[in-house]
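At position 42 of the sequence shown the residue is numbered 212 (the numbering used here), and the sequence of numbers has no breaks. Glycine included, each C-beta is placed from N, C-alpha and C at the ideal position. What follows is one structure encoded as structure tokens, with my remarks underneath.
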Amino acid sequence: MIGRPPSVSHATTVTPGRHTGRARVCGVTAFRMFPAAPRRIRSGRRTPGGAALIGAGLCLGLGLGLSLGLVGCSAPVPEATASADPTPQPGIMPLRGTPVDPSRAEHPSLAVKIDNHPAARPQLGLERADLVFEELVEGGITRYVALWHSDVPDAVGPVRSIRPMDPEILSSFGGIVAYSGGQPQFVAAMRASPLLNVVFDDDAGGLFVRSDDRDSPHDVVLAADETVTLHSDLAPPPGQFDYADSAAEATASLAGDRTTTIVTRFSESGGRAWAWDPAATGYLRSQDGAADLDSTGAQLNATNVVVLRVEVDRGSDVPRTILTGSGTAWVSTGGSTMPATWFKDAAAAPIRLADAVGATIELAPGNTWIELVPTDDGSVELVP
171 MIGRPPSVSH
181 ATTVTPGRHT
191 GRARVCGVTA
201 FRMFPAAPRR
211 IRSGRRTPGG
221 AALIGAGLCL
231 GLGLGLSLGL
241 VGCSAPVPEA
251 TASADPTPQP
261 GIMPLRGTPV
271 DPSRAEHPSL
281 AVKIDNHPAA
291 RPQLGLERAD
301 LVFEELVEGG
311 ITRYVALWHS
321 DVPDAVGPVR
331 SIRPMDPEIL
341 SSFGGIVAYS
351 GGQPQFVAAM
361 RASPLLNVVF
371 DDDAGGLFVR
381 SDDRDSPHDV
391 VLAADETVTL
401 HSDLAPPPGQ
411 FDYADSAAEA
421 TASLAGDRTT
431 TIVTRFSESG
441 GRAWAWDPAA
451 TGYLRSQDGA
461 ADLDSTGAQL
471 NATNVVVLRV
481 EVDRGSDVPR
491 TILTGSGTAW
501 VSTGGSTMPA
511 TWFKDAAAAP
521 IRLADAVGAT
531 IELAPGNTWI
541 ELVPTDDGSV
551 ELVP
């Protein structure tokens, strides 16, 4: 399955229902087929109080065979509350929510900066990551910050350079971070974080190699399992999100609206879509109009897709995602999506996802992709 949206659909946004918090449709518009010119209205501008509002009227052309309209309403934002550490959940893997495997639990997590240039695809080991953050970098493209703990591959890559928001993304995890290098001020900030830094530019132990079947700079590969084994004395990561006992009991499965596809853009160029596939019991990823494949030839699959609307500091040539604060979010699990609010009080604090009344949202056990979509130049579309 290519994971593209259906050829005919309506696009909606959702707001919570009365009392139960269940989502319901608040706007529907008619579709129109290509070659109608795509139209988009950017959404998600943050208010002075820190709440991000989902704007109305976006139309996207992803090369996926249709143009979709969106009429929206603002997502509810509960009163700001501290993003306290998640309650420890004994007996589960901390970054995946699946039953604990003692043979894989007592070691640190490994975070790696992964390339997402077309020449870097398919990436190595990305399908086995517990968590993947997708972030905007220069030129309107994205890169990944992927974390492995429950299932560490022999090799991962291509590995690329650090960016200014990465310490803020990773400080709550501890463990190891690996990257190829970066501007001195970005490297200094990463070294000042709680993570052990493993850097290609300084590698004297042979943990990094250049792959013969990829062109530079998309060819740096890390021996991931060996890296974790060398530093197995470091502590396992703390839990970051709360998890339900099953996908059926996850908050979005119970309180969300049915959503076949989540479409996001980080900039004017490119786009990605997550299409719910019941047979795969997950969301299949497409990018730039084609199935996004892993190194085995299978389509990338996520149990949970979390979209965070984030502000981006564009005061220099390298955009910096701001992840400390709060904003609007969308949480998708089991083919349903619900509006949420994200909170992160400090770089060392985990992200907390809350519903309309401030209760913590529980994800389904499994892997999670977190899309850090800019409020100024990005967009989000939910296809029912």
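Three-way DSSP call (helix, strand, coil) for residue i in this model
i, result
"Glu308", "helix"
"Arg484", "coil"
"Asp321", "coil"
"Val241", "Reliability of the predicted coordinates at Val241 is poor, the pLDDT of 30 falling under 50, and no value is obtained from them."
"Leu340", "helix"
"Leu542", "strand"
"Pro509", "strand"
"Val433", "strand"
"Glu276", "coil"
"Thr466", "coil"
"Phe303", "strand"
"Asn537", "coil"
"Glu438", "coil"
CA-to-CA distance, residue j to residue i, given in whole angstroms
i, j, result
"Leu463", "Tyr314", "15 Å"
"Val543", "Gly261", "33 Å"
"Gly295", "Ala526", "36 Å"
"Thr494", "Ile531", "19 Å"
"Ala472", "Ser465", "16 Å"
"Leu301", "Ser496", "20 Å"
"Ile540", "Trp444", "12 Å"
"Gly352", "Asp372", "12 Å"
"Leu265", "Pro408", "8 Å"
"Ser402", "Thr430", "41 Å"
"Pro509", "Pro554", "14 Å"
"Arg361", "Gln355", "10 Å"
"Glu276", "Gln259", "15 Å"
"Leu366", "Ala348", "8 Å"
"Ser506", "Gly426", "5 Å"
"Glu308", "Gln457", "18 Å"
"Arg442", "Ile311", "11 Å"
"Leu400", "Ser363", "20 Å"
Proximity winner among the options, relative to residue i (alpha-carbon distances)
i, options, result
"His388", "Ala359, Gly409, Asp372 and Val329", "Val329"
"Gln293", "Arg479, Ser549, Val477 and Ala468", "Ala468"
"Val391", "Val480, Val398, Asp415 and Arg380", "Arg380"
"Asn286", "Gly440, Phe378 and Arg490", "Gly440"
"Arg435", "Glu276, Asp547, Ser386 and Val347", "Asp547"
"Asp385", "Asn537, Gly310 and Ala289", "Ala289"
"Ala534", "Asp515, Thr451, Ala460 and Ala518", "Thr451"
"Gly375", "Met360, Ala393, Gly309 and Asp383", "Ala393"
"Val475", "Ile432, Ala417, Ile339 and Val270", "Ile432"
"Ala316", "Ser549, Thr545, Thr538 and Met360", "Thr538"
"Val282", "Ile339, Gly267 and Asp271", "Ile339"
"Val357", "Ser342, Phe343 and Asp336", "Asp336"
"Asp324", "Pro278, Ile521, Ala518 and Leu377", "Leu377"
"Val368", "Glu297, Asp383 and Val398", "Val398"
Whole-Å CB distance - residue i paired with residue j, under 8 Å assumed
i, j, result
"Arg291", "Asp321", "At roughly 21 Å, the Cβ-Cβ gap does not stay under 8 Å, so Arg291 and Asp321 are not in contact."
"Ser423", "Gly504", "4 Å"
Neighbourhood of residue i by C-beta distance below 6 Å, restricted to the same chain and skipping five residues each side
i, result
"Leu478", "Ala499, Trp512 and Leu542"
"Ser350", "Val329, Arg330, Ser331, Phe370 and Val390"
"Pro489", "Leu306 and Val482"
7 Å CB neighbourhood of residue i in its chain, flanking five on each side removed
i, result
"Phe303", "Tyr314, Val315, Ile339, Ile540 and Leu542"
"Ala420", "Ala414, Thr503, Gly504, Glu532, Leu533 and Ala534"
Cut-off 8 Å between Cβ atoms - residues of its own chain near residue i, not counting five sequence neighbours on either side
i, result
"Met263", "Pro269, Val270, Asp271, Arg274, Ala275, Asp300, His319 and Ser320"
"Leu470", "Leu296, Glu297, Leu454, Arg455, Asp462, Leu463 and Asp464"
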